[in-house]
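**Student:**
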Amino acid sequence: MNVTVFGTGYVGLVTGTCLAEMGNAVVCVDVDAGKIERLGRGEIPIYEPGLEELVLANHAAGRLAFTTEAAPAIAHGDVIFIAVGTPPGEDGSADLTHVLAVARTIGQHLGAGSIIVNKSTVPVGTADRVRATIADVLAGRGIAIDFDVVSNPEFLKEGDAVNDCMRPDRIVIGSDSAKAITVLRRLYAPFNRNHDRIVLMDVRSAELTKYAANAMLATKISFMNEMANIAERVGADIEQVRHGIGSDPRIGYHFIYPGAGYGGSCFPKDVQALHRIARAGGYEASLLQAVEQVNEAQKSRLFELICQHFGNDLGGRTIAVWGLAFKPNTDDMREAPSRRLLEQLWQAGARVQAFDPEAREEARQIFGERADLVLCEQAQQALQDADALVVVTEWKAFRSPDFKVLATRLKSAVIFDGRNIYDPLAVEAAGIAYYGIGRGRSV
Ligand code: UGA
771 MNVTVFGTGY
781 VGLVTGTCLA
791 EMGNAVVCVD
801 VDAGKIERLG
811 RGEIPIYEPG
821 LEELVLANHA
831 AGRLAFTTEA
841 APAIAHGDVI
851 FIAVGTPPGE
861 DGSADLTHVL
871 AVARTIGQHL
881 GAGSIIVNKS
891 TVPVGTADRV
901 RATIADVLAG
911 RGIAIDFDVV
921 SNPEFLKEGD
931 AVNDCMRPDR
941 IVIGSDSAKA
951 ITVLRRLYAP
961 FNRNHDRIVL
971 MDVRSAELTK
981 YAANAMLATK
991 ISFMNEMANI
1001 AERVGADIEQ
1011 VRHGIGSDPR
1021 IGYHFIYPGA
1031 GYGGSCFPKD
1041 VQALHRIARA
1051 GGYEASLLQA
1061 VEQVNEAQKS
1071 RLFELICQHF
1081 GNDLGGRTIA
1091 VWGLAFKPNT
1101 DDMREAPSRR
1111 LLEQLWQAGA
1121 RVQAFDPEAR
1131 EEARQIFGER
1141 ADLVLCEQAQ
1151 QALQDADALV
1161 VVTEWKAFRS
1171 PDFKVLATRL
1181 KSAVIFDGRN
1191 IYDPLAVEAA
1201 GIAYYGIGRG
1211 RSV
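Count along the sequence shown from 1, then add 770; that gives the number in this note's numbering.
(1) May I ask you to list the residues that DSSP assigns as paired with N772?
(2) DSSP state of G1208, grouped into three classes?
(3) Would you check whether the ligand UGA has a heavy atom nearer than 7 Å to the C-beta of I991?
(4) R1121 lies in the beta strand (DSSP E); which residues open and close that run?
(5) Check the DSSP bridge columns for A1158 and list the partner residues they point to.
(6) Could you please give me the residues that DSSP links to N888 through a beta bridge?
(7) Tell me the DSSP secondary structure of P858 in three-state form.
(8) Should S1035 be counted as a contact of the ligand UGA given a C-beta to heavy atom distance under 7 Å?
(9) Taking Cβ positions, are A1133 and D1126 nearer each other than 8 Å?
(10) Taking the alpha-carbon positions, what's the R1209 to D1193 distance?
(11) Given a cut-off of 8 Å, decide if A841 and T774 are closer than it, judged by their beta-carbon atoms.
(12) List the endpoints of the continuous alpha helix (DSSP H) containing L821.
(13) Using the beta-carbon count (16 or more within 10 Å), is S1017 buried or exposed?
(14) Hey, would you say the C-beta of G1029 is under 7 Å away from at least one heavy atom of the ligand UGA?
(15) Check for me: the beta strand (DSSP E) holding D1187 runs from which residue to which?
(16) Would you report the Cα separation of L826 and G812, rounded to the nearest angstrom?
(17) Could you tell me which of L789, H868, F851, R967 sits nearest to D939, measuring between CA atoms?
(18) Between A1218 and Q1123, is the Cβ-Cβ spacing less than 8 Å?
(19) Spatial neighbours of I941 within its chain, please: C-beta separation below 6 Å, excluding the five flanking residues on both sides.
In structure tokens form, the structure reads like this:
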């Protein structure tokens, strides 16, 4: 099939590449000429395991092209995906500027019937707005073309995006058009083997499904962070509690890891946006507000523990930070808890020696050159003469350090484990003080 994808961010690039891998002829469009040029040269703008190889192979095979030229790309697509960003507007609601701009462009150049599929995370009712926008532009051109607008939200996780796209656990298709459903069933058939993963529904339910999924996951995390805060105060260990509740299949082990708060480009933005959507509909979503508030507070938890340990005296101290990305296997630092921590440490007069396996360049872009930040090439280097080690992201490489060696590198032997990846007893056996999240026994 001929497929066009607007937007070469995480969702657009991964979707386009996976569709090309399945044999479709895919054209990816972006307004960022520099990005398109780099992609054409085989330079991938994001770190995403497995993506580079697939982009290069499909580009070389002629199944994946990159362009800034909307008109031929629109003429090419039997199916046209919209996968552009929906950043938070000033009030937290999703900003639809890019989505509606693509809709207008489609209206300007559409010459024959097509299926427009929205993959961007958008407020309920956006597919209707996209349809109306395209129809308006077509009417202005004085032509009538039969087209469908479908909601097909994406559920991929950064760091595992290729796998999620190739082996989706569900393919949500929101549409009332039998023709669109038939075409999308055909397009997704190679991803839909062994058992049927396609979930058909109406457009608005599909749009809400995306927000409901992310809000549910964010709620689980904030709930566990709240339990961790309670555990600290009553002398209990949240890790034991986690095992205790996760074994109930109705609760499950997934997404109940307490930590330094959730970050990334999705949960913070989507929880806020859903809150606004609810309010616009006349409903005050107090649970969502609480989820957000707990997360905001949690992002300061590591700093609070550090202050507590050093008696609020951080001036002139050097803090080693392991992990800057908002989670492992990505270089993405959007809304990362590390950003809050670093700002707080600097504010308190501390220096930071940070290491992240992939996000060093990203950190350099965000923070620029500053005297109180050293971005280290190696994890061990960050420890040298530091007053403490803080683990903010649970990269595999951080999971089993030699604590004895670590103790000799640090000037003062203390670890703040923002992801509870260490056994407190093993750390303490090496003569290192240990602080985790919700580990009442050691605080
Ligand atoms: C999330 C969803 O998991 C995807 O299903 C969704 O498609 C995507 O948003 C999106 O809307 O595009 P992602 O933002 O890549 O994916 O990251 P997650 O793996 O969900 O992690 C989000 C944050 O939650 C991270 O900061 C992570 O450290 C934190 N987290 C996760 C916890 O603190 N505890 C947990 O138990 C799990």
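Cβ atoms here follow ideal geometry from the backbone N, Cα and C, with glycine treated the same way.
All figures in this text were calculated on a predicted structure; none of them were measured in a lab.
**Tutor:** The short version:
(1) A795
(2) Coil at G1208, not helix or strand.
(3) yes
(4) 1121-1125
(5) I1089
(6) Per DSSP, I852, S921.
(7) The three-state secondary structure of P858, taken from DSSP, is strand.
(8) yes
(9) yes
(10) 11 Å
(11) no
(12) 821-830
(13) exposed
(14) yes
(15) 1184-1187
(16) 6 Å
(17) R967
(18) Any question about residue 1218 goes unanswered here, given that the chain covers just 771 to 1213.
(19) Y958, R967, I968
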